[in-house]
Each structure stands twice: as C-alpha cells, then as structure tokens.
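Asker:
So, in structure tokens, the structure goes:
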C-alpha cells in the first residue's frame, strides 16, 4: 500500500489530504484540509500550515494538482500569484518525491477510476465509458478546466489541455453584444471569461450595460446564490446565458476530441445541476452542431459527483507516474 499526500491547488482554494493507494491504485483519502490561496504568500507557506494542522511526519511522496499548465521550468498559477519551481519543489517541501499534474488532468485520472454511480447521466443515452475512444472532461470553477481521456482497449491515457483558453465564439446577436462589451476592457476574450465562476458576474454586468438596467452589484458568491435562487431576474438571465455557452463549448470540445462521451466536473456544475438539466438550454446548445446534430444526440453527458475529485485524482495520478 502506497502512502502520500495529495494536494489540489486552485486559484481560490488549496486542498490537502493524506491518501493511500491500494494494489490497484485506487485512492482512499484522509481528512481534507482547505486553505485560502490568497491568505498565503507561497505554496511552501501553505504546506507548512497543513503540516501543523495535520501533525506528525508527512509521507515522502506528494502528488499535486495545479490550476495551470505543467511542464515549464517556472510555473505561474493562472489565477493566483504563487510561483512554483518544479526542480526545487521536493527540497522546498522537504519530501522525497513530488508529482505535478494539471488540475483537470487530475480530474481525468479520477474519472477513469470512479464507479459509474459517481458518474450519473445528465443527457443522452445511458452507455458506459468507451473501451476505445475519447472522453472529454470539463467544468467551470475559478477558470474553465478541460482535459481528455483516450481509452485504448479499456486502458486510459490522460491528456492535459488548456481548452478553457480558446476564443469565445458568440452564437447569437445578444452574445455578440456581450462580446463587444468585454472587448472594451480585454484584448482577447477566452471561453473561460464567460464559462466560469467569475464569468457569471461578467455576463451580469454586460447584460446590465446592454439593457441600461439599474442593478445591484454583488460579489461572485452572492450573485451565484441569487441566480440559483431566482431572486434576481437579471442574475437568472446571466445564468441562463452561462449555461448556453457551457453547452456550446462542451459540444465543440467533444467534436474536437472525438465525439464519444463527455463528463462535467466541479462544484459549480454540481450546484447548478437541477437548473442545468431541467431549465437551461445547455443540451440544446450542445447538440446544435448543424450537420452533426444527430451525432451529438448520441453522446452521453455525465456529471462527476465525487466531493473531492481533484484530490482523488491527484492521488490516483501518482500510480500513473510510477507504473
């Protein structure tokens, strides 16, 4: 049995947990500890806080999922000020070995191992993950995470991507006007400017400007609550637009990766699950691919419901490196 610490470092929160891997590489997580990234000047400082809270010596292995691309000499997190130098990290954390993965690469490792009861069907036919073919993984959080699993005779091969940073493509006149508003402040508008946690506020403010409507400015958390409750009509409209774009992007990525299966992931998608399935135009936009509409309707769209999927996936990724 392998022991390690799994970490999931996002733009907003850093999560840590001790983990054990059984002989098949399936993780079991210990107590999950969460820290605000903004409250710590560096990963090392946050790591020390975890060790103090955890008590006892740390395992010699650490597997860390980061919300950014992996593989450069210096890693700058996309949505925070932390800077990581991979070659020095094991020494800085005082551990024997460190494994680094992209955050949605970790989610893909998790999806490849989760039981189907933790991957409930949202749309499309109820079919298992393919033995041969691709699975697109995506979900909004601080940004928009995207990864892919390429199955070959049942064996998963994980591909990290930065698909959330492709260009946002408006599909109707109102989205064109939203894009025009964003271009006043941004040189380039990527998909994650719209399909993400902060994206709801971006859409909300753009809609207010376009409609000349008086609005109450809210932080992201309060706006999401108002949108999901339906207590603010403009916030609800912004959520409808976010879900439409979410569906369009999911469909585009499925086509790009090879249209077999899609899994949505992340806490925001779980929060808006009921609205996404019963009230939004997510699936209409997902399938609206012209000559490929009939094909898109054959693609299962599932939701990963593991409560700590980033940590679970970071732990699961360790075996991939060592196998």
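In this note's numbering, the protein residues as written are 1 to 323.
A virtual CB, placed ideally from N, CA and C, is assigned to each residue, including glycine.
Let me know if residue 308 comes out buried or exposed under the rule of 16 or more other beta-carbons within 10 Å of its beta-carbon.
Answerer: Along the chain shown, read from residue 1 onward, the residue named residue 308 stands at position 308. It is buried - the Cβ of residue 308 has at least 16 other Cβ atoms within 10 Å.
Asker: Using only CA atoms, which one of 283, 137, 311, 310 lies nearest to residue 298?
Answerer: Sequence index remark: in the chain shown, residue 298 carries index 298 (1-based). Cα-wise, what sits closest to residue 298 is 283.
Asker: In terms of residues, what are the limits of the alpha helix (DSSP H) holding residue 296?
Answerer: The residue given as residue 296 occupies position 296 in the chain shown. Residue 296 -> alpha helix (DSSP H) spans 293-296.
Asker: Where does residue 113 fall in DSSP's three states?
Answerer: Residue numbering aside, residue 113 sits at position 113 when the chain shown is read from its first letter. Correct three-state label for residue 113: coil.
Asker: Nearest by alpha-carbon distance to residue 160: which of 127, 100, 125 is it?
Answerer: The sequence position of residue 160 within the chain shown is 160, counting from 1. Ranking the options by Cα distance to residue 160, first place goes to 100.
Asker: So within the region 246-314, which uninterrupted alpha helix (DSSP H) runs reach at least 4 residues, ignoring any that extend past its ends?
Answerer: Runs found: 267-271, 273-278, 282-287, 293-296.
Asker: Taking residue 253 as the reference, which of 143, 139, 44, 196 has the closest Cα?
Answerer: Mapped onto the chain shown, residue 253 falls at position 253. Considering only alpha carbons, the answer is 139.
Asker: Which ranges does the alpha helix (DSSP H) cover as unbroken runs of at least 4 residues, wholly within the region 46-95, from first to last along the chain?
Answerer: The region 46-95 contains these whole alpha helix (DSSP H) runs: 86-93.
Asker: Spatial neighbours of residue 273 within its chain, please: CB distance less than 7 Å, with the 5 preceding and 5 following residues excluded, ordered by chain position.
Answerer: On the chain shown, residue 273 is found 273 positions in, with the first residue counted as 1. Counting only Cβ-Cβ distances below 7 Å, and skipping sequence neighbours, we find 303.
Asker: Note down the Cα distance separating residue 210 from residue 234, rounded to an integer number of angstroms.
Answerer: Residue numbering aside, residue 210 sits at position 210 when the chain shown is read from its first letter. Residue numbering aside, residue 234 sits at position 234 when the chain shown is read from its first letter. Those two C-alpha atoms are separated by around 12 Å.
Asker: Mind checking who residue 8 pairs with in its DSSP beta bridge?
Answerer: Within the chain shown, the letter at position 8 stands for residue 8. 15, 65.
Asker: Reducing DSSP to helix, strand and coil, say where residue 107 ends up.
Answerer: The count along the chain shown starts at 1 and reaches residue 107 at position 107. Helix, per DSSP.
Asker: What does DSSP give as the partner residue(s) for residue 155 in the beta ladder?
Answerer: Position 155 of the chain shown holds residue 155. DSSP, once it has assigned bridges, lists 152 as partnering residue 155.
Asker: Have a look at 118, 109, 184 and flag the residue whose alpha-carbon is nearest the alpha-carbon of residue 155.
Answerer: As a first step, residue 155 must be located in the chain shown, where it is residue number 155. Checking every option, the nearest Cα to that of residue 155 belongs to 109.
Asker: Kindly indicate which residue of 33, 112, 65, 60 has the alpha-carbon position closest to the one of residue 52.
Answerer: Here residue 52 refers to the residue found at position 52 of the chain shown. Of the candidates 33, 112, 65, 60, the one whose C-alpha sits nearest the C-alpha of residue 52 is 33.
Asker: Give the secondary structure of residue 97 by DSSP, where H, G and I count as helix, E and B as strand, and everything else as coil.
Answerer: As a first step, residue 97 must be located in the chain shown, where it is residue number 97. Here residue 97 sits in strand by DSSP.
Asker: So residue 65 packs on residue 266, CB below 8 Å; how close in whole Å?
Answerer: Your numbering for residue 65 matches position 65 in the chain shown. Your numbering for residue 266 matches position 266 in the chain shown. That pair is no contact at about 13 Å.
Asker: Residue 216: buried (16+ other C-beta within 10 angstroms of its C-beta) or exposed?
Answerer: Sequence index remark: in the chain shown, residue 216 carries index 216 (1-based). When all chains shown are included, residue 216 counts as exposed.
Asker: In this structure, what does DSSP give as the bridge partners for residue 133?
Answerer: As a first step, residue 133 is located in the chain shown; it is residue number 133 there, counting from the start. Answer is 151.
Asker: Excluding the 5 residues preceding and the 5 following residue 227 in the sequence, name in chain order all residues of the same chain whose CB lies nearer than 6 Å to its CB.
Answerer: Position 227 of the chain shown holds residue 227. Result list for residue 227: 235, 236, 239, in chain order.
Asker: Which one of 257, 29, 5 has the shortest CA to CA distance from residue 151?
Answerer: Along the chain shown, one-based indexing puts residue 151 at 151. Nearest C-alpha to residue 151: 257.
Asker: Going by CA-CA distance only, name the one from 271, 38, 206, 27 that's closest to residue 13.
Answerer: Here residue 13 refers to the residue found at position 13 when the chain shown is read from its first residue. Nearest option by C-alpha distance: 38.
Asker: From what residue to what residue does the beta strand (DSSP E) around residue 28 run?
Answerer: Position 28 of the chain shown, counting from 1, holds the residue named residue 28. Looking at the DSSP string, the run of the beta strand (DSSP E) that includes residue 28 is 27-29.
Asker: Give the straight-line distance between the Cα atoms of residue 2 and residue 318, rounded to the nearest whole angstrom.
Answerer: Reading the chain shown from its first residue, position 2 is the one you call residue 2. Reading the chain shown from its first residue, position 318 is the one you call residue 318. For residue 2 and residue 318, the distance between alpha carbons rounds to 10 Å.
Asker: Compute the beta-carbon to beta-carbon distance between residue 43 and residue 6, rounded to the nearest angstrom, for a pair I have assumed lies under 8 Å.
Answerer: Along the chain shown, read from residue 1 onward, the residue named residue 43 stands at position 43. Along the chain shown, read from residue 1 onward, the residue named residue 6 stands at position 6. The Cβ separation is near 14 Å, so there is no contact.
Asker: How about residue 116 and residue 128: do their beta carbons lie closer than 8 Å?
Answerer: By one-based count along the chain shown, residue 116 stands at place 116. By one-based count along the chain shown, residue 128 stands at place 128. Against a cut-off of 8 Å, the Cβ pair of residue 128 and residue 116 comes out as a contact.
Asker: Confirm, please, whether the CB-CB distance from residue 145 to residue 107 is below 8 Å.
Answerer: Position 107 of the chain shown, counting from 1, holds the residue named residue 107. Position 145 of the chain shown, counting from 1, holds the residue named residue 145. It is a contact, given that the beta carbons lie within the stated cut-off.
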